[in-house]
Amino acid sequence: MIASAPGKIILFGEHAVVYGRPAIAAPVSQVRATAVVTPNEGEGVRIIAPDLDADFLLDEADQSDALVATMRQIQTAAGLARLPNLTVTVRSDIPIASGLGSGAAITAAVIRAVAGQLGLARLATDEWVSGLTYEVEKIHHGTPSGIDNTVVAYEKPVYFVRQQPRNIIETFKVKRPLRLLVADTGVRSSTKIAVGDVRRHWEAAPIQFEALFDGCGRIAAAARTAIEAGDVTAIGRLMTENQRLLVEMTVSSPELDALVAAALRAGALGAKLSGAGRGGNMIALVEDEEMETAVRQALLAANAHTVLTTTIKSRN
Ligand code: MEV
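Numbering (our numbering), first residue to last: 16 to 331.
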């Protein structure tokens, strides 16, 4: 049994989404995590992750490891006293700790593949894959909003609001496909630390941070309207406005600022960091091939490690 899950970008509203403001995210399907599950001859559950140099037996492993936690989530959800003998091999070409959701994608791919192998169709649905991935994200990221697991499990652009008793998860029309460059600073950064730092700032200066989160929420709502109307100029402007608020939230970095400035100087319609920030990836909106070439060159000249292009379209 084989299953995969995509990387993701946050178009609008990272961090503020943890505090109940709307955010927009989209899958990046050309980078993926893949899990292959096969039965084995009495070894128990063996997990092999060549990219992480890992090869271990579930029962002998550190039980706080994310892949172990993933298998335990499946075991609990399936109500199994023991998991059958399985070898789970995981590969990913999503760079880790770079804002592209590599952890959530690996977890989602493993859940889908193991559930498929065990014939547990219910656990392989988008809703369950997302929910179980969220449980694993909680162990490793503290207070995740739920947007990463949602976008990698559903593999659709989503408008997301964290709320009780159920999050709002809406798909929306993308009137004109959005052409985005995704550029990596090459700096690895922990989501848990960035989210924890924002929380400390919010606790120390609640009025200022609530205002920043409100600003991000208004931008995300306006961006949805602009995306539905195909107004790429407005979308770009809103991205750059969102970046200004993220700088104030302390989650940008000199490397991200340099790439955002280079993209804007080269004519991008808008640019911002994407994900938890402090490093990782930024995104720049371009209108056509000519603009794409100019912005790509500028990003590489400003020390981007990799630049990939992704197009966001409506999906059903
Ligand atoms: C990380 O991709 C997005 C954050 O808003 C954290 C979260 O939503 O869980 C920084």
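We treat Cβ as the ideally placed atom computed from N, Cα and C, and that holds for glycine.
### Message
So, for residue 228: in the same chain, excluding its five sequence neighbours on each side, which residues have a beta-carbon less than 7 Å away from its beta-carbon?
### Response
31, 34 and 36
### Task
Taking residue 291 and residue 167 to be in contact with their CB atoms under 8 Å, please state how far apart those CB atoms are, rounded to whole angstroms.
Contact doesn't hold; Cβ gap of about 15 Å is too wide.
### Task
Would you list the one or two residues that DSSP bridges to residue 224?
DSSP output for residue 224 lists no bridge partner at all.
### Query
From residue 162 to residue 261, what distance separates their C-alpha atoms?
17 Å
#### Entry: DSSP-derived helix/strand/coil call for residue 141
helix
### Task
Using only alpha-carbon positions, find the residue among 17, 170 and 198 that is nearest to residue 319.
198
### Task
Name the one or two DSSP bridge partners that residue 176 has.
183
### Query
Is residue 263 near the ligand MEV, going by C-beta to nearest heavy atom under 7 Å?
No; taking the cut-off as 7 Å, the Cβ of residue 263 has no heavy atom of the ligand MEV nearer than that.
### Task
Tell me, to the nearest whole angstrom, how far the beta carbon of residue 281 is from that of residue 313; I am working on the premise that it is less than 8 Å.
Yes, residue 281 and residue 313 are in contact; Cβ-Cβ is about 4 Å, under 8 Å.
### Query
Is residue 163 near the ligand MEV, in the sense that its beta carbon is under 7 Å from a heavy atom of that ligand?
yes
### Message
Quick check on this structure: which residue in 28, 144 and 179 has the alpha carbon closest to the alpha carbon of residue 231?
### Response
28
### Query
By Cβ distance, which residues of its chain are closer than 7 Å to residue 184, with the 5 residues on each side in sequence left out?
165, 173 and 175
### Task
Rounded to whole angstroms, what's the CA-CA distance from residue 39 to residue 235? Just pull it up for me.
7 Å
#### Entry: Simplified DSSP assignment, three categories, for residue 111
coil
### Message
Buried or exposed, going by whether 16 or more other CB atoms sit within 10 Å of the CB of residue 178?
### Response
Counting Cβ neighbours within 10 Å, residue 178 comes out exposed, since fewer than 16 surround it.
### Message
For the pair the segment 139 to 147 and the segment 52 to 72, tell me if three or more CB-CB distances fall below 8 Å.
### Response
no
### Message
Please report the distance separating the alpha-carbon of residue 247 from that of residue 284.
### Response
8 Å
### Message
If we require 4 or more residues per run, which alpha helix (DSSP H) segments fall completely within the segment 242 to 317?
### Response
247 to 263, 269 to 280 and 304 to 316
### Task
Spell out the partners DSSP gives residue 39 in its beta bridges.
27 and 174
### Message
Are there any heavy atoms of the ligand MEV lying less than 7 Å away from the beta-carbon of residue 151, as far as the coordinates show?
### Response
No, since every heavy atom of the ligand MEV falls outside the 7 Å radius drawn around the Cβ of residue 151.
### Query
Nearest-angstrom Cα distance between residue 210 and residue 158?
C-alpha separation (whole angstroms): 8 Å.
### Task
Check the DSSP bridge columns for residue 22 and list the partner residues they point to.
DSSP lists 43 as partners of residue 22.
### Of the residues 180, 217 and 171, the one placed nearest residue 187, counting alpha carbons only
171
### Message
I need the DSSP call for residue 49, collapsed to helix, strand or coil.
### Response
Looking at residue 49 - three-state DSSP - the assignment turns out to be strand.
### Message
According to DSSP, simplified to helix, strand and coil, what is residue 73?
### Response
helix
### Query
Is DSSP giving residue 95 helix, strand or coil here?
coil
#### Entry: DSSP state of residue 163 mapped onto helix, strand, coil
helix
### Task
Assuming residue 43 contacts residue 325 (C-beta within less than 8 Å), just tell me the rounded distance between them.
5 Å
### Task
Select from 50, 47, 76 and 118 the residue whose C-alpha is nearest the C-alpha of residue 59.
76
### Message
By alpha-carbon positions, which one of 208, 204, 26 and 276 ends up nearest to residue 316?
### Response
276
### Message
With the cut-off set at 8 Å, would you say residue 181 and residue 18 are in Cβ contact?
### Response
no
### Query
Can you check whether the CB of residue 62 is closer than 8 Å to the CB of residue 82?
Yes, the pair counts as a contact, with Cβ atoms nearer than the cut-off.
### Message
Quick test of your reading: residue 274 and residue 297, contact by CB under 8 Å. State the CB separation rounded to the nearest angstrom.
### Response
5 Å
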